[in-house]
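**Student:** Sharing a structure below in structure tokens format, with a few things to ask.
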Amino acid sequence: MKKTLQTIIHGPWAYWIGAIILGLLNILVLIVRGQPWGVTLNIELWTEWIATNLGILSNRGITLTDLMAASGTYLNFGLLIGAFWATLAASQFRFRPIRDKKFFFSALIGGLLMGYGARIAYGCNVGALLNGIASSSLTGWIFAAAVFAGTWIGSKLLLKYLM
Amino acid sequence: MARFSIDIWGEMCPIPLIKAKKKLSTMQCGDILVLETEHSCTSRGIVVWAKANRYSIEEKEVANGIWHLELTKTHD
Numbered sequence: 001m002k003k004t005l006q007t008i009i010h011g012p013w014a015y016w017i018g019a020i021i022l023g024l025l026n027i028l029v030l031i032v033r034g035q036p037w038g039v040t041l042n043i044e045l046w047t048e049w050i051a052t053n054l055g056i057l058s059n060r061g062i063t064l065t066d067l068m069a070a071s072g073t074y075l076n077f078g079l080l081i082g083a084f085w086a087t088l089a090a091s092q093f094r095f096r097p098i099r100d101k102k103f104f105f106s107a108l109i110g111g112l113l114m115g116y117g118a119r120i121a122y123g124c125n126v127g128a129l130l131n132g133i134a135s136s137s138l139t140g141w142i143f144a145a146a147v148f149a150g151t152w153i154g155s156k157l158l159l160k161y162l163m
Numbered sequence: 164m165a166r167f168s169i170d171i172w173g174e175m176c177p178i179p180l181i182k183a184k185k186k187l188s189t190m191q192c193g194d195i196l197v198l199e200t201e202h203s204c205t206s207r208g209i210v211v212w213a214k215a216n217r218y219s220i221e222e223k224e225v226a227n228g229i230w231h232l233e234l235t236k237t238h239d
């Protein structure tokens, strides 16, 4: 019993348990929110709001009130806070310095490409891939094919430049 | 029964696993490979891989968020 509790708090959880819990929570999001879980649309709105305030983009009328009323804001902050809390609860929190400059730049370029790709595809691998396929949308399948192709190229680049 | 170690500190999956596989292929049966990482998923990934490949592996969290792994090459 004590060992079970220890595993729940400290991990590691079996992959299939995590998958089932995520699946159930995703269904809950769909029921409560009336639309499936997505990550990047809200990030785009926040970015646009910040860029508008910095004078980089022309104003499309996104206000802070809108952002604070958007369910995506709470899903995204909840994701960050939840992950942080889980790390603290498992007492695995640690500042992890970047080992090499090349990892910094590869992460930065990767992040930019992922963000750009997610927005021209109208969703990330949560909103467009998983929930797309779950709702029988063709977008999800096309996204899946593109993800496989991208991952293949990414693996080749990783072996060549990051090993 | 030699002991080897490779430096995977601060590296993200799947780089540590690829490095470990490469090192393992140069080792003799019964040799031990010592790894230390500060990424939970790296540690987890190597343990799952070792078990799937029937290598004996010991995982210990030596400090908060630091894992020490000892992988024995039990077969070729």
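For the protein sequence lines, the chains are W and U, in the order given. Quick note: the first sequence uses this note's numbering, first residue 1, plus one each step. Quick note: the second sequence uses this note's numbering, first residue 164, plus one each step. Backbone N, C-alpha and C fix where the C-beta goes; we use that ideal spot for every residue, glycine too.
Could you list the residues in the stretch 212-230 of chain U with a C-beta less than 9 Å from some C-beta on chain W, going in chain order?
**Tutor:** Answer in chain order: Glu224, Ala226, Asn227, Gly228 and Ile229.
**Student:** Out of curiosity, what's the CA-to-CA distance linking Asp239/U and Val197/U?
**Tutor:** Distance between the alpha carbons of Asp239/U and Val197/U is about 18 Å.
**Student:** In terms of residues, what are the limits of the beta strand (DSSP E) holding Ala226/U?
**Tutor:** Looking at the DSSP string, the run of the beta strand (DSSP E) that includes Ala226/U is Ser219 to Ala226.
**Student:** The alpha helix (DSSP H) that contains Leu67/W, what's its start and end?
**Tutor:** Start and end: Leu64 to Ala69.
**Student:** Should Pro179/U go down as buried or exposed, given a rule of 16 or more other Cβ atoms within 10 Å for buried?
**Tutor:** Pro179/U is buried by the Cβ-count criterion.
**Student:** Name the residues in the stretch 75-94 of chain W whose C-beta lies less than 7 Å from a C-beta of chain U; which are they?
**Tutor:** Listed in sequence order: Ser91, Gln92, Phe93 and Arg94.
**Student:** Under DSSP, the alpha helix (DSSP H) around Glu48/W begins and ends at which residues?
**Tutor:** First-last of the alpha helix (DSSP H) with Glu48/W: Thr40 to Asn53.
**Student:** Give a yes or no on whether the C-beta atoms belonging to Ala70/W and Leu30/W are separated by under 8 Å.
**Tutor:** In this structure, Leu30/W does not lie closer than 8 Å to Ala70/W by Cβ.
**Student:** So is Ile9/W buried or exposed if we call it buried at 16+ other beta carbons inside 10 Å?
**Tutor:** When all chains shown are included, Ile9/W counts as exposed.
**Student:** So the candidates are Arg217/U, Arg207/U and Glu222/U; which of them puts its Cα closest to the Cα of Tyr15/W?
**Tutor:** If we check each option's Cα against that of Tyr15/W, Arg207/U comes out closest.
**Student:** Could you work out which residue in Glu48/W, Leu41/W and Gly72/W is closest to Arg33/W when comparing CA atoms only?
**Tutor:** The residue with the shortest Cα to Cα distance from Arg33/W is Gly72/W.
**Student:** Under a CB-based cut-off of 8 Å, is Gly208/U close to chain W?
**Tutor:** For Gly208/U, the answer is no, since every Cβ of chain W falls outside 8 Å of its Cβ.
**Student:** What residues in the stretch 167-183 of chain U bring their beta carbon closer than 9 Å to a beta carbon of chain W?
**Tutor:** If the cut-off is 9 Å between Cβ atoms, the stretch 167-183 of chain U has Trp172, Gly173, Glu174, Met175, Pro177, Ile178, Ile181 and Lys182 near chain W.
**Student:** Closest to Gln191/U by CA distance: which of Trp172/U, Met164/U and Pro177/U is it?
**Tutor:** The candidate whose alpha carbon is nearest that of Gln191/U is Met164/U.
**Student:** Can you find a C-beta in chain W that's less than 8 Å from the C-beta of Ser203/U?
**Tutor:** By this cut-off, Ser203/U is an interface position.
**Student:** Establish whether the CB of Leu22/W and some CB of chain U are separated by less than 8 Å.
**Tutor:** Chain U, which has no Cβ nearer than 8 Å to the Cβ of Leu22/W, makes this no.
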